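K.L.:
My questions all concern the structure below.
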Amino acid sequence: MSAALENLSPLARPDTLAQRVRTQLKEAVMAGRFSPGQRLTIRSVAGALAVSLTPAREALYNLASEGVLDLRSDGSVYVPELTEERIIELTKIRVALEGLASREAVQRITDSEITKIVALNEAIIKTDAEQEYSELISLNWQFHFSIYRASQMDHLVRMIESCWMMTGSYLNVIYPKFGEVKEGISNHLQIVRALEQRDGERLASAINMDINLSADALLSAIRHQAPSG
């Protein structure tokens, strides 16, 4: 290689179209915009995002390979329906992963990042009071992932995202009833205070409480949906 070329930095590769489709689907799943058991066809995804069938197919099958979506034997893709066992398993995994991300985040988070998280929490309080639950769900994952990304551990954040995507479809199921329980709002204030104090253990404990509050609501929703008798 020429000496003149040795100091050049590699160019950043832009995301492929399939990757951008995957990102859009991922955010929609985490924000609870799909219903449990909903079928996602390649044609409908392609039409909604104004792309060809190929990137839509690649994105759907990619998410299915990660366990975020269910791929049936006939090739159709569905938003998974959760069982009590799966919720309990995911809750234990989330407590471990998100606790680790929290402890790492307090060591690296900047004042400006904390200011952004405080603003997100204030927006959550406002949308909760206005019962704008669709917006609240979106703000909630922005709030949490602003913390987790501050850990600067990209692989860890991706694992947490996968867990969130596996339960995201049930967020619309637990609202508005879950919104009536103000324990989650007050617990978010504990999260903010722990961040401001850069107290990793306190932050992990508050995140743990947040995870278990939503898990209890998910389990209750699953049990109420189960056929009686």
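Counting in numbering that gives the first Met the number 0, the sequence shown runs from 0 upward without gaps. For each residue, glycine too, the CB sits at the ideal point set by N, CA and C. From a predicted model like this one, the values you see are computed outputs, not experimental measurements.
(1) Taking buried to mean at least 16 other C-beta atoms within 10 Å of its own C-beta, is H187 buried or exposed?
(2) Unbroken beta strand (DSSP E) runs of length 3 or more, entirely within the segment 108 to 191: which are they?
(3) Taking just the CA atoms, how far does M165 sit from I123?
(4) Between the segment 147 to 166 and the segment 84 to 104, do three or more beta carbon pairs fall short of 8 angstroms?
(5) Nearest to H143 by CA position, among T126, V172, E88 and N207, is which residue?
(6) What does the alpha-carbon distance come out to for the pair S161 and R148?
(7) Express the C-alpha separation of Q141 and N120 in angstroms, rounding to a whole number.
(8) If you count every other CB in all the chains shown that lies within 10 Å of the CB of L39, and 16 or more means buried, which is it?
(9) Taking DSSP as the reference, what is the three-state secondary structure of L39?
(10) Nearest CA to the CA of I210: which residue from E65, L96, V44 and G46?
(11) According to DSSP, is L70 part of a helix, a strand, or is it coil?
(12) Between which two residues does the alpha helix (DSSP H) carrying S75 extend?
(13) By DSSP, does A49 sit in helix, in strand, or in coil?
(14) Excluding the 5 residues flanking D69 on each side, which residues of the same chain have their C-beta closer than 6 angstroms to its C-beta?
(15) Check whether the segment 18 to 26 and the segment 54 to 70 are in contact - that is, three or more C-beta pairs closer than 8 angstroms.
(16) Roughly how many angstroms separate the alpha carbons of A128 and F177, rounded to a whole number?
(17) What did DSSP end up calling A216 once you bin it into helix, strand or coil?
(18) Buried or exposed: which applies to G46, given that a residue is buried once 16 or more other Cβ atoms fall within 10 Å of its Cβ?
(19) Where does G199 fall in DSSP's three states?
(20) Just reading off the alpha helix (DSSP H) that L81 is part of, what are its end residues?
(21) What is the DSSP secondary structure of T15, counted as helix, strand or coil?
P.N.:
In short:
(1) H187 should be labelled buried.
(2) Under the rule that a run must span 3 or more residues, no beta strand (DSSP E) segment is found entirely inside the segment 108 to 191.
(3) Rounded to whole angstroms, I123 to M165 spans 22 angstroms at the Cα level.
(4) A contact exists between the segment 147 to 166 and the segment 84 to 104.
(5) It is N207.
(6) Between S161 and R148, the C-alpha separation is close to 14 angstroms.
(7) Distance between the alpha carbons of N120 and Q141 is about 10 angstroms.
(8) Buried, by the Cβ-count rule.
(9) Taken through DSSP and simplified to helix, strand or coil, L39 comes out as strand.
(10) Ranking the options by Cα distance to I210, first place goes to L96.
(11) Under the three-state reduction of DSSP output, L70 falls in the strand class.
(12) Premise fails: S75 is in no alpha helix (DSSP H) and is neither H nor E.
(13) Note: A49 maps to coil in three-state DSSP.
(14) Y77 and P79, listed in sequence order.
(15) The segment 18 to 26 makes contact with the segment 54 to 70; the number of CB pairs closer than 8 angstroms reaches 3 or more.
(16) Looking at the backbone, the Cα of A128 and that of F177 are separated by about 13 angstroms.
(17) Under the three-state reduction of DSSP, A216 is assigned to helix.
(18) By the Cβ neighbour-count rule, G46 is exposed, with fewer than 16 other Cβ atoms within 10 Å of its own.
(19) Helix, per DSSP.
(20) Here L81 belongs to no alpha helix (DSSP H), and DSSP marks it neither H nor E.
(21) Correct three-state label for T15: coil.
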